[in-house]
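Q: This is the structure, below, for whatever I ask next.
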Amino acid sequence: MPLPAYIIGVRFDLLCWNRAAVETFRDFSQIPENERNTLYQMFVCREVRETYPNWATDARAMLESFRATYDMMSHVPEFVSLKDELCSRSSEFRSWWEEHGIRAKLSGEKSLQHPRLGVVTLRHSTFESVDCPGLKLVIYNLGKKAVAY
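Quick note: the sequence shown uses the numbering used here, first residue 143, plus one each step.
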């Protein structure tokens, strides 16, 4: 059974994904390209927010991971515009951003409210490309409750 996986860029944009990721999360191809960003989806999209029972913990961890990258890329206009948009569209993002938390966590667990399976715990691991720094492969393991593809 294939594991859900996707590749994100240095700005956390979703670049590509497999069918298992579509079955587990959603069809990313249906998201407008300018909104196809994991941070944007987590903080702005109500539908995504509602699928995470521990949304605040998961969203904050994602923001703090992004901040570690942002601090090195704050001179790049695309990074600044993403941060500014998220600050204007999400009070939580704005508040947590001002706390300056940084977390470079490459693996962990998160719970997801899946439409067919109910609440599932996902273990994830992130691998960064040596040849192209900033590209990250994120792979999820669904554990005992597997999705039938």
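Built from N, CA and C at the ideal position, the CB exists for glycine as well. These figures come from a predicted structure and were not determined experimentally.
#1: Using a Cβ-based criterion (distance less than 8 Å to any ligand heavy atom), does GLN255 qualify as near the ligand MG?
#2: So is ASN283 buried or exposed if we call it buried at 16+ other beta carbons inside 10 Å?
#3: Please state whether the Cβ-Cβ distance between GLU206 and ILE150 is less than 9 Å.
#4: Let's see if you can read the secondary structure: which residues bound the alpha helix (DSSP H) around GLU206?
#5: Across which residues does DSSP place ILE149 in a beta bridge pair?
#6: Skipping 5 residues on each side, what residues in its chain have a beta carbon closer than 7 Å to that of VAL190?
#7: In the DSSP assignment, the alpha helix (DSSP H) including VAL292 goes from what residue to what residue?
#8: Quick check on SER232: does DSSP put it in helix, strand or coil?
A: Reading off the structure:
#1: What this structure holds is no ligand at all, so the ligand MG is not there to describe.
#2: Mapped onto the sequence shown, residue 283 falls at position 141. Classification of ASN283: exposed, given that the 10 Å Cβ count is below 16.
#3: On the sequence shown, residue 206 is found 64 positions in, with the first residue counted as 1. On the sequence shown, residue 150 is found 8 positions in, with the first residue counted as 1. Cβ distance not < 9 Å, so GLU206 and ILE150 don't count as in contact.
#4: In the sequence shown, the residue the question calls residue 206 occupies position 64. First-last of the alpha helix (DSSP H) with GLU206: 197-215.
#5: As a working mapping, residue 149 is identified with position 7 in the sequence shown. DSSP, once it has assigned bridges, lists CYS158, LEU279 as partnering ILE149.
#6: Taking the sequence shown and counting its residues from 1, one reaches residue 190 at position 48. The residues are GLN183, MET184.
#7: Outside the displayed span of the chain (143 to 291) sits residue 292, for which this structure offers no information.
#8: For the purposes of this step, residue 232 is taken as residue 90 along the sequence shown, with counting starting at 1. Looking at SER232 - three-state DSSP - the assignment turns out to be coil, as it is neither helix nor strand.
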